[in-house]
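K.L.:
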Amino acid sequence: MAVRKSQTKTSSSTKSAQVQERRKFKRGSILLAALIALLIMLLLGLWWLKGRMLDKNPRLTLQVVKIDSTGYWGQGGNKENLVSELDLKVGSDNMMALDMNGLRKKILAIPNVADAQVIWMLPDTLHIKIDERVPKAFLAGGELVVDSNALVMNSRECLGVHEKLPVITVLGGSGNEYQPGSTATDTLEALALLNAMQENGSFEAVNISVLRNKNILSGTFRYHGNGAEAEEFVVKLPLLDCNYPAMLEKLRLTADYLLKEEPSKRVIDLTVDQQIVIK
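Numbering-wise, our numbering comes out as the position in the sequence shown, counting from 1, plus 8.
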């Protein structure tokens with residue numbers, strides 16, 4: 009009989025513990041559901057507050073687009089064209105809804121733009137800062153220009169394009185048709201020569217022909233030696249593996265010699281190893 013009483017007590021204790029566990033679980037579930045409901049209400053409240061205070065706040069409506077650029081996009085009507093290109097609606101766009109990174113990517117996709125910043129100036133002004141590429145030469149046969157990295161641009165969308173910019177002609181190159189935004193890799197050597205000329209200061213190019221089938225750069229250069237009036241020379245240089253600064257120094261010495269000793273000769277060929285051919 010004592011054993012039966014003990015078993016009855018144990019069974020009763022087990023049932024009581026199970027009941028308590030179920031009650032705890034039920035209370036926990038109710039508490040969790042209440043917390044979730046409270047969180048949902050809080051999120052809805054924040055969403056409503058955002059709509060009232062930010063998205064629909066008339067004080068955060070785009071009113072001014074300020075564009076800073078020393079180039080093409082900083083000039084008069086070009087600013088309005090850029091605002092239109094970016095699909096910005098002054099007087100109706102909400103500042104909070106504007107995708108600043110997306111706007112910057114659109115601006116950087118413009119061929120003549122080197123870098124850009126898009127800044128929100130509270131409460132209603134968008135400030136756009138643009139650094140533009142500098143045209144270095146025309147591509148022969150059209151209105152396209154290239155910068156020092158051979159990035160192709162439309163000359164009509166570049167400030168500082170002067171009729172005296174040198175013209176680069178490529179013969180025997182890739183044959184690809186250049187488009188604004190593409191890279192004219194066939195002109196890289198000619199552009200390296202132009203950069204070396206700018207540092208040297210004694211020469212300026214009128215035109216440069218890239219003769220890939222002959223491994224030659226050929227062009228008409230103006231020499232400003234000793235402060236005298238510019239003199240033109242037809243020059244041939246190696247296309248590949250050429251130290252252009254050193255070549256220009258050799259060219260300067262040769263031009264000085266010709267002007268003093270043989271002024272009728274105006275062709276200088278530096279493509280032959282260790283030789284200077286003059287005609």
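For glycine and all other residues, C-beta sits at the position ideal for the given N, C-alpha and C.
From the DSSP output, read off the bridge partner residues of Leu159.
P.N.:
Thr191, per the DSSP bridge assignment.
K.L.:
Compute the Euclidean distance between the alpha carbons of Asn102 and Val160, then round it to the nearest angstrom.
P.N.:
Approximately 35 Å between the Cα atoms of the pair.
K.L.:
CB Ser156 to CB Lys144, shorter than 8 Å?
P.N.:
In this structure, Lys144 lies closer than 8 Å to Ser156 by Cβ.
K.L.:
Could you give the uninterrupted runs of the alpha helix (DSSP H) lying entirely in the region 203 to 241, keeping only those of 4 residues or more?
P.N.:
Entirely contained in the region 203 to 241, not one alpha helix (DSSP H) run reaches 4 residues.
K.L.:
From which residue to which residue does the alpha helix (DSSP H) around Leu90 run?
P.N.:
Here the alpha helix (DSSP H) through Leu90 covers Gly84 to Glu93.
K.L.:
With C-beta atoms as the reference, is Ile115 less than 8 Å away from Leu147?
P.N.:
Not in contact: Ile115 and Leu147 (Cβ atoms no closer than 8 Å).
K.L.:
How should Leu51 be labelled, buried or exposed, when 16 other C-beta atoms within 10 angstroms of its C-beta is the threshold for buried?
P.N.:
Counting Cβ neighbours within 10 Å, Leu51 comes out exposed, since fewer than 16 surround it.
K.L.:
Return the CA-CA distance between Asp123 and Ser92, expressed in angstroms with no decimal places.
P.N.:
One C-alpha to the other measures close to 19 Å.
K.L.:
Given that a residue counts as buried once 16 or more other Cβ atoms are within 10 Å of its Cβ, and exposed if not, what is Lys3?
P.N.:
The structure shown does not extend to residue 3, since the chain spans only 9 to 287, so no value can be given for it.
K.L.:
What does a CB cutoff of less than 6 Å around Arg12 pick up in its chain, not counting 5 residues either side in sequence?
P.N.:
Caution applies to Arg12, whose pLDDT of 48 falls short of 50 and renders its modelled position unreliable; the value that the coordinates give is listed next. Taken in chain order, the list of residues that qualify is empty.
K.L.:
Rounded to the nearest angstrom, what separates Gly82 and Asp76 at their Cα positions?
P.N.:
About 6 Å.
K.L.:
Does the distance from the C-beta atom of Glu88 to that of Asn120 stay below 8 Å?
P.N.:
Against a cut-off of 8 Å, the Cβ pair of Asn120 and Glu88 comes out as no contact.
K.L.:
Quick check on this structure: which residue in Met205, Gln206, Ala204 and Ala200 has the alpha carbon closest to the alpha carbon of Val218?
P.N.:
Taking only the C-alpha atoms, the option nearest Val218 is Ala200.
K.L.:
When you compare only the Cα positions, how much space is there between Ile286 and Glu270?
P.N.:
The alpha-carbon atoms of Ile286 and Glu270 are separated by roughly 10 Å.
K.L.:
Could you tell me which uninterrupted beta strand (DSSP E) segments, each at least 3 residues in length, are contained entirely in the region 116 to 162, listed from first to last along the chain?
P.N.:
Qualifying beta strand (DSSP E) stretches, in chain order: 121 to 129, 133 to 140, 145 to 147, 152 to 154 and 160 to 162.
K.L.:
Going by other Cβ atoms of all chains shown within 10 Å of its Cβ, with 16 needed for buried, is Lys244 buried or exposed?
P.N.:
Buried, since its Cβ has 16 or more Cβ neighbours within 10 Å.
K.L.:
Taking Cβ to Cβ, would you say Gly233 is nearer than 8 Å to Leu267?
P.N.:
For Gly233 and Leu267, yes; Cβs fall inside 8 Å.
K.L.:
Please list, in chain order, all residues of the same chain as Gly99 whose beta carbon is under 8 Å from its beta carbon, the five residues on each side excluded.
P.N.:
Only Thr69, Leu70 and Gln71 meet the Cβ criterion.
K.L.:
Give me the Cα-Cα distance between Ala158 and Lys113, rounded to the nearest whole angstrom.
P.N.:
Taking the straight line from one Cα to the other gives about 21 Å.
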